[in-house]
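Counting from 61, one number per residue, gives the positions in the sequence shown under our numbering.
Don't be surprised by glycine CBs; every beta carbon is placed ideally from N, CA and C.
Worksheet: one structure, shown below.
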Amino acid sequence: MISGTSKFRRRGIVLGCLAICAAALWAPTAQTVPLAGNGGGPGREGAVYVQTNSAPENFVMVFDRNHNGTLTAAGQVATGGVGKPAGNPPLGIPFLDSAGSVTLSHNGQFLFVVNAGDNTVSSFTVGPHGLQLADIEPTNGSRPVSSTTNDHLLYVLNSDEHTANISGYRVGSHGQLTAIPGSVRDTSQPDGGIPAQIQFDATGNLLTVTERAAGGTGLLDTFLVNRHGVAGPAVTHPSSGEGPFGIAFTKRNQMIVSNEHFPNVLESSVSSYDVSRHGDTVTPIDTEPANAGGACWNVITNNNKYVLVTSPFTLNINSFRIENDGQLTPVNGDSVVATAQGLTLDEALSNDSKYLYVLVDEPTGFAFSEINAYRVNKDGTITLIQTVGPFEGSSSGAAAW
Numbered sequence: 061m062i063s064g065t066s067k068f069r070r071r072g073i074v075l076g077c078l079a080i081c082a083a084a085l086w087a088p089t090a091q092t093v094p095l096a097g098n099g100g101g102p103g104r105e106g107a108v109y110v111q112t113n114s115a116p117e118n119f120v121m122v123f124d125r126n127h128n129g130t131l132t133a134a135g136q137v138a139t140g141g142v143g144k145p146a147g148n149p150p151l152g153i154p155f156l157d158s159a160g161s162v163t164l165s166h167n168g169q170f171l172f173v174v175n176a177g178d179n180t181v182s183s184f185t186v187g188p189h190g191l192q193l194a195d196i197e198p199t200n201g202s203r204p205v206s207s208t209t210n211d212h213l214l215y216v217l218n219s220d221e222h223t224a225n226i227s228g229y230r231v232g233s234h235g236q237l238t239a240i241p242g243s244v245r246d247t248s249q250p251d252g253g254i255p256a257q258i259q260f261d262a263t264g265n266l267l268t269v270t271e272r273a274a275g276g277t278g279l280l281d282t283f284l285v286n287r288h289g290v291a292g293p294a295v296t297h298p299s300s301g302e303g304p305f306g307i308a309f310t311k312r313n314q315m316i317v318s319n320e321h322f323p324n325v326l327e328s329s330v331s332s333y334d335v336s337r338h339g340d341t342v343t344p345i346d347t348e349p350a351n352a353g354g355a356c357w358n359v360i361t362n363n364n365k366y367v368l369v370t371s372p373f374t375l376n377i378n379s380f381r382i383e384n385d386g387q388l389t390p391v392n393g394d395s396v397v398a399t400a401q402g403l404t405l406d407e408a409l410s411n412d413s414k415y416l417y418v419l420v421d422e423p424t425g426f427a428f429s430e431i432n433a434y435r436v437n438k439d440g441t442i443t444l445i446q447t448v449g450p451f452e453g454s455s456s457g458a459a460a461w
């Protein structure tokens, strides 16, 4: 067992090496990239998307998903915005320290990407002829790092440590974005909360934001969304674990939150909650040790049985079974189901939950990133099937279909 102090020193060493690869291995392409994963060639079943988070131009990298879960690089598409490949709070790292910076609509027809360098959000249509930029709009705030969508609504989280807020949009039939009047709301702790993710619940009537540095141990904000798509003011709830970061909801509307617990990252945890219909009550169900270094990102399989958690400081992926009552049970002795060769960052499941895609960053200087592709087994364990890369070390976010 590595001590928490040793891990913290290791993190300091890693963060002291912020060299970013100056040249991407893929050259920029035209605005439309042929995307066989959506109505294209034989053997193609979907796609995975990651943003380069680069400046002076930001791009979406596209990977076609094959029938066996492996990926084929299919180029990159400009977002029309600017990424932020340096100085991202709270630790000054080159990638966005958040969850959900790349988001797909539930039907897979639209892709949304936040551009943290120029405070915009881009929307794309996903169709048989490729990924096409549809719109780019200001986010009515500073340093957007996360977005979430439900039906015809999109909400963006602006994470500036002095003016953090959320902002809503209507999504048109062709991917165009229209700002919703009255939808801009401050988080409960806009000055110093350092929010990490925004997420709609399973009903689409409630938004949740994690504020990892607020109130000493962190807070959970809920925003009730009315029938016009307008979010109400933030309602604040205590977090069961320190440093709440990633959010996912089961179809039963149980909320699963991964807790980073910085700087004592080896004490990170995973929590489950019951959330009332109007978000006025968030009731803790269970909190379990993550057995990982800094549990940050999490995704839930379509059958609601398993939550998969990625943690950068022990380079591992953990899996917990979600019981019907929301209790969390490790799928094996310590819940560790894989160990990567780099910092395990954001993750995404294919639309059928058969495959997990994890963005992995090179651990000694952020010089390059990769995607690790895994098959998800019926018992909640995973099996590595492919590593794709390398590509830009500032790359952030992941979405899959």
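Three-way DSSP call (helix, strand, coil) for residue i in this model
{"i": "residue 326", "result": "helix"}
{"i": "residue 393", "result": "coil"}
{"i": "residue 297", "result": "strand"}
{"i": "residue 245", "result": "strand"}
{"i": "residue 461", "result": "coil"}
{"i": "residue 283", "result": "strand"}
{"i": "residue 306", "result": "strand"}
{"i": "residue 430", "result": "strand"}
{"i": "residue 106", "result": "strand"}
{"i": "residue 95", "result": "Summary for residue 95: the model assigns pLDDT 41, below 50, so the residue's position carries little reliability; its value from the coordinates is reported in the next sentence. Reduced to three states, the DSSP call for residue 95 is coil."}
{"i": "residue 142", "result": "coil"}
{"i": "residue 117", "result": "coil"}
{"i": "residue 21", "result": "In the structure displayed, the chain extends from 61 to 461; residue 21 sits before or after that span and is not available."}
{"i": "residue 40", "result": "There is simply no residue 40 to check, as the chain begins at 61 and stops at 461 in what is shown."}
{"i": "residue 123", "result": "strand"}
{"i": "residue 289", "result": "coil"}
{"i": "residue 435", "result": "strand"}
Range covered by the beta strand (DSSP E) that runs through residue i
{"i": "residue 380", "result": "376–382"}
{"i": "residue 230", "result": "225–231"}
{"i": "residue 353", "result": "Residue 353 -> no beta strand (DSSP E), and no H or E assigned at all."}
{"i": "residue 342", "result": "342–349"}
{"i": "residue 453", "result": "It is not in any beta strand (DSSP E) - residue 453 carries neither H nor E in the DSSP assignment."}
{"i": "residue 318", "result": "314–319"}
{"i": "residue 260", "result": "255–260"}
{"i": "residue 206", "result": "204–210"}
{"i": "residue 221", "result": "No beta strand (DSSP E) holds residue 221; DSSP gives it neither H nor E."}
{"i": "residue 404", "result": "403–409"}
{"i": "residue 385", "result": "Where residue 385 is concerned, there is no enclosing beta strand (DSSP E), given that its DSSP letter is neither H nor E."}
{"i": "residue 369", "result": "366–371"}
{"i": "residue 148", "result": "Neither: residue 148 is in no beta strand (DSSP E) and is coded neither H nor E."}
Span separating the alpha-carbon of residue i from that of residue j
{"i": "residue 288", "j": "residue 298", "result": "28 Å"}
{"i": "residue 253", "j": "residue 127", "result": "42 Å"}
{"i": "residue 443", "j": "residue 211", "result": "33 Å"}
{"i": "residue 224", "j": "residue 398", "result": "35 Å"}
{"i": "residue 158", "j": "residue 133", "result": "24 Å"}
{"i": "residue 232", "j": "residue 105", "result": "26 Å"}
{"i": "residue 228", "j": "residue 291", "result": "8 Å"}
{"i": "residue 92", "j": "residue 194", "result": "At residue 92 the pLDDT is 41, less than 50, meaning the model places this residue with poor confidence and gives no usable figure here."}
{"i": "residue 318", "j": "residue 240", "result": "30 Å"}
{"i": "residue 278", "j": "residue 185", "result": "36 Å"}
{"i": "residue 385", "j": "residue 311", "result": "13 Å"}
{"i": "residue 170", "j": "residue 122", "result": "14 Å"}
{"i": "residue 331", "j": "residue 209", "result": "23 Å"}
{"i": "residue 256", "j": "residue 306", "result": "7 Å"}
{"i": "residue 267", "j": "residue 245", "result": "11 Å"}
{"i": "residue 243", "j": "residue 230", "result": "11 Å"}
{"i": "residue 348", "j": "residue 188", "result": "43 Å"}
{"i": "residue 441", "j": "residue 395", "result": "9 Å"}
{"i": "residue 390", "j": "residue 379", "result": "6 Å"}
{"i": "residue 324", "j": "residue 316", "result": "21 Å"}
{"i": "residue 426", "j": "residue 454", "result": "7 Å"}
{"i": "residue 301", "j": "residue 366", "result": "19 Å"}
{"i": "residue 436", "j": "residue 445", "result": "10 Å"}
Test item: CB-CB of residue i and residue j under 8 Å
{"i": "residue 328", "j": "residue 281", "result": "no"}
{"i": "residue 294", "j": "residue 309", "result": "no"}
{"i": "residue 175", "j": "residue 165", "result": "no"}
{"i": "residue 354", "j": "residue 373", "result": "yes"}
{"i": "residue 368", "j": "residue 377", "result": "yes"}
{"i": "residue 161", "j": "residue 456", "result": "yes"}
{"i": "residue 129", "j": "residue 433", "result": "yes"}
{"i": "residue 452", "j": "residue 114", "result": "yes"}
{"i": "residue 235", "j": "residue 411", "result": "no"}
{"i": "residue 217", "j": "residue 269", "result": "yes"}
{"i": "residue 24", "j": "residue 108", "result": "The chain is shown only over 61 to 461; residue 24 falls outside these bounds and no answer can be derived."}
{"i": "residue 192", "j": "residue 143", "result": "no"}
Residue-level contact to chain D via CB, residue i, 8 Å cutoff
{"i": "residue 405", "result": "Looking for chain D here will not work: only one protein chain is present."}
Residue i Cβ short of 7 Å to the ligand GDP heavy atom set
{"i": "residue 287", "result": "This structure lacks the ligand GDP; in fact it carries no ligand of any kind."}
Contiguous beta strand (DSSP E) assignments of at least 3 residues, all confined to the segment 151–197
162–164, 170–175 and 180–187
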